[in-house]
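So in full-length UniProt numbering, the last one in the sequence shown is 452, and the numbering has no gaps at all.
Written below as structure tokens is the structure these notes are about.
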Amino acid sequence: MSQWARSKHDWQLTKCSIKDRFQELLRLSQWTDCTFSVGEDNVEVICCHKLVLAASSPVFEALFYGGLSELKEVIRVPDVEPYVFRLFLNYIYSDSLDLQNIDEAGGLLYVSKKYIMPQLSEICLSYLIENTTICTLWDVLAIAEALNEEELMAICLKVMSRYSYKIWSTSSDDHLSRNTLLRLLDLRQMNMKDVDLFKYLLDWAAKECSIEEVSPSPQNLRSCLKSFGALEKIRFLTFTPREFSEVVVSSGILTKEECNVFESLIGGEMVEQLELEIVRTGFSSDAEPRSSIAPLIWRCTREIARGDRFWIYIGPVQVGITSSSRVLVTGFEIVTRISTMGVPKVWPHSGYTYRERLVAFVKDQSDNILCKTDHDENVEFNSHQIVTLSYPVWFEPGIKYIVHFDFPSGQYPLSHYAETALAKGTTFRFDDMLQREDHCKGSFIHSILYSY
């Protein structure tokens, strides 16, 4: 190879495509003819090429070659973080993008709208939609509201509708805007009863009062909720008499007269004048409960490490579980009994069933009970069964949680499962700890069910 070909300045000879050449131009800042000052606090100066930018965005075309063209040497971009602007330039110069997190996607979505690049907007939106989970809900919701992205907003509402507010609103900083709250209350399908929605409204209004620096008195809470029509969205007629008495009446939000009207109708008095009174005051007369929807549940299944099995006849048994990321555990798949001498020899899916009664506990490392579940189902012999927790439990990353089962009398097979299992980028580690004198090593948990 000749000396000129080996020169570090002849980088063009090592690039096989125009994309590679443009990427190298950006990296070297060679032959640049425009300069950007990016960021507000940590300002970074970035040099580019007018022609490349103008070929990608009509905004840049107008800025450099059209009626918006300026003579300024440096173009200020204070509303974009430098790292986001560099990702943006890398996409323009290479026509490729590898998004790593919600912040990157949200920042690039803003830039793509600012410079009218719809293809980039679609890439960012697709990433955000695919990665909207309980854990990322509030970050995505902030992006949806700030950029008025209807598709993102719909996905956020869908996530909220699948779970109780106690699952997705766990921080004091979690606070819906009024518009988003109204849209949530307008949903006809969700896994929250209206009594739970009313409890959430009370918490929400109390935060509003704190923001406005007024006392969270019943009068102020009512005034806050009625000021934008939130209270009128609650279907009080779907409450049970006990729920209405313990939650609504005790809150002091409704007047005594309003409570009397609702209590009469909930109690079964079909009086037309009472129904008209509800309509007149603006409250909902809808007595139809909101329909439930299936939550999105993932399953992580352990592989069998060894083929041999042994049996236990009574509990308790337990296993320690550690997750590599924050997940919402909803249940477990465990074994069922094997057939005994008093039962015909059966095989899985044979239709022979028995009534399973067991108790499951989820505990923290200090042995505090986080969830107790009484499981009572008809299940098949020689098979597996799903134990759904009475309410989901958040497993924080790197922390061991103890899952404890009290089995009744009966013969259960235990297997040697792998100590780790991976699903959807999350690794679960299992530490089987049978509380038995023979210290047998094995496990009864086949799979873990979770959301995130």
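Note that beta-carbon positions come from the ideal geometry of N, C-alpha and C, so glycine has one too.
For residue i, which residues in the same chain have their Cβ closer than 7 angstroms to its Cβ, ignoring the five residues on either side in sequence?
| i | result |
| --- | --- |
| ASP406 | GLY315, PRO316, LEU358 and VAL359 |
| ILE278 | VAL261 and SER285 |
| VAL346 | Here the model assigns VAL346 a pLDDT of 49, short of 50, so the residue's position is not dependable, and the following value carries that caveat. The residues are SER339, TYR352, PHE381 and ASN382. |
| ASP364 | LEU370 and TYR401 |
| GLY252 | PRO218 |
| ALA230 | LEU181, LEU182, LEU185 and LEU201 |
| ILE167 | ILE134, LEU328 and PRO392 |
| THR32 | CYS47, CYS48 and HIS49 |
| SER324 | PRO397, THR426 and THR427 |
Within the same chain, show all residues whose beta-carbon is closer than 6 angstroms to that of residue i, passing over the 5 residues directly before and after it, in chain order.
| i | result |
| --- | --- |
| CYS259 | VAL249 |
| ARG222 | ILE253 |
| MET1 | Low local confidence applies: a pLDDT of 44 at MET1 is under 50, so the model's placement there is unreliable, with the coordinate-based value given in what follows. Answer for MET1: no residue qualifies. |
Within 10 Å of its beta-carbon, does residue i have 16 or more other beta-carbons around it, so buried, or fewer, so exposed?
| i | result |
| --- | --- |
| THR336 | buried |
| PRO78 | exposed |
| SER409 | exposed |
| SER451 | buried |
| PRO241 | exposed |
| GLU149 | buried |
| ARG280 | exposed |
| GLU419 | exposed |
| GLY331 | buried |
| PHE239 | buried |
| THR170 | exposed |
| SER56 | buried |
| THR255 | exposed |
The alpha helix (DSSP H) with residue i in it runs from where to where?
| i | result |
| --- | --- |
| PRO218 | 218-226 |
| LEU449 | From DSSP, LEU449 is part of no alpha helix (DSSP H) but of the beta strand (DSSP E) over 445-451. |
| residue 536 | Outside the modelled stretch of the chain, which goes from 1 to 452, sits residue 536, for which no answer is possible. |
| ASP41 | Neither: ASP41 is in no alpha helix (DSSP H) and is coded neither H nor E. |
| GLY268 | Note, GLY268: premise wrong, no alpha helix (DSSP H); not H, not E. |
| THR301 | Here THR301 belongs to no alpha helix (DSSP H); instead the beta strand (DSSP E) covers 298-301. |
Could you tell me the boundaries of the beta strand (DSSP E) in which residue i lies?
| i | result |
| --- | --- |
| LYS363 | 353-363 |
| SER390 | 384-395 |
| CYS47 | 44-48 |
| LYS400 | 400-406 |
| SER37 | 34-38 |
| ILE334 | 327-335 |
| TYR417 | 412-417 |
| THR373 | 369-380 |
| ILE321 | 317-323 |
| ALA423 | 420-423 |
Find the nearest neighbour of residue i within the set the options, judged by alpha-carbon distance.
| i | options | result |
| --- | --- | --- |
| CYS34 | LEU51, ASP364 and ALA154 | LEU51 |
| GLN411 | LYS400, THR388 and GLU356 | GLU356 |
| residue 463 | SER37, SER323 and THR180 | Any question about residue 463 goes unanswered here, given that the chain covers just 1 to 452. |
| LEU184 | LYS207, MET153 and THR255 | MET153 |
| TYR200 | ASP174, LEU389, ALA423 and ALA305 | ASP174 |
| PHE361 | ASP196, GLU208 and VAL329 | VAL329 |
| LYS207 | PRO392, ARG86 and SER172 | SER172 |
| HIS375 | GLY425, SER390, SER366 and ASP367 | SER390 |
| PRO82 | SER121, LYS233 and VAL38 | VAL38 |
| VAL84 | ALA54, ASN42, TYR65 and GLU73 | ASN42 |
| TYR65 | VAL74, ALA54 and CYS156 | ALA54 |
| ILE234 | GLY282, SER210, LEU147 and GLU40 | GLY282 |
| HIS416 | TYR354, SER323 and GLU303 | GLU303 |
| HIS384 | TYR354, THR133, VAL403 and LYS256 | TYR354 |
| ARG306 | THR32, ARG222 and SER443 | SER443 |
| ILE129 | CYS209, ALA142, TRP138 and CYS156 | CYS156 |
| VAL195 | GLY229, ARG290 and ASN101 | ARG290 |
| SER126 | CYS48, VAL379, LEU99 and GLU257 | LEU99 |
| GLN119 | SER96, LYS158, ASN131 and HIS404 | SER96 |
| GLU246 | LEU147, GLU263 and ARG76 | GLU263 |
| LEU165 | CYS224, TRP138, ALA142 and LEU414 | As written in the sequence, residue 165 is Tyr, which differs from the Leu given in the question. Nearest of CYS224, TRP138, ALA142 and LEU414 to TYR165, Cα basis: TRP138. |
Using a Cβ-Cβ cut-off of 8 angstroms (strictly less than) and excluding sequence neighbours within five positions of residue i, which residues of its own chain qualify?
| i | result |
| --- | --- |
| SER161 | LEU184, LEU187, GLN189, MET190, ASN191, MET192 and ILE293 |
| VAL327 | TRP394, PHE395, THR426, TYR450, SER451 and TYR452 |
| THR301 | GLU333, ALA421, ALA423, HIS446 and SER447 |
| VAL45 | THR35, PHE36, SER37, VAL38 and VAL74 |
| CYS124 | LEU99, ALA105, GLY106, LEU108, LEU109 and SER112 |
| PRO295 | ARG162, TYR163, ASN191, THR330 and SER451 |
| SER177 | GLU145 |
Between residue i and chain D, is the shortest Cβ-Cβ distance under 8 angstroms, so that the two count as touching?
| i | result |
| --- | --- |
| ILE278 | Although the question refers to chain D, the structure presented lacks it and comprises just one protein chain. |
Per the contact definition of three or more C-beta pairs closer than 8 angstroms, is the segment 108-116 in contact with the segment 80-97? yes
Would you check if the segment 206-221 and the segment 182-191 touch, i.e. whether three or more CB-CB distances between them fall below 8 angstroms? no
For the segment 56-67 against the segment 113-122, do three or more pairs of beta-carbon atoms, one drawn from each stretch, fall closer than 8 angstroms, so that the two count as touching? yes
Touching by the beta-carbon criterion (3+ pairs, under 8 angstroms), the segment 422-432 and the segment 359-377: no
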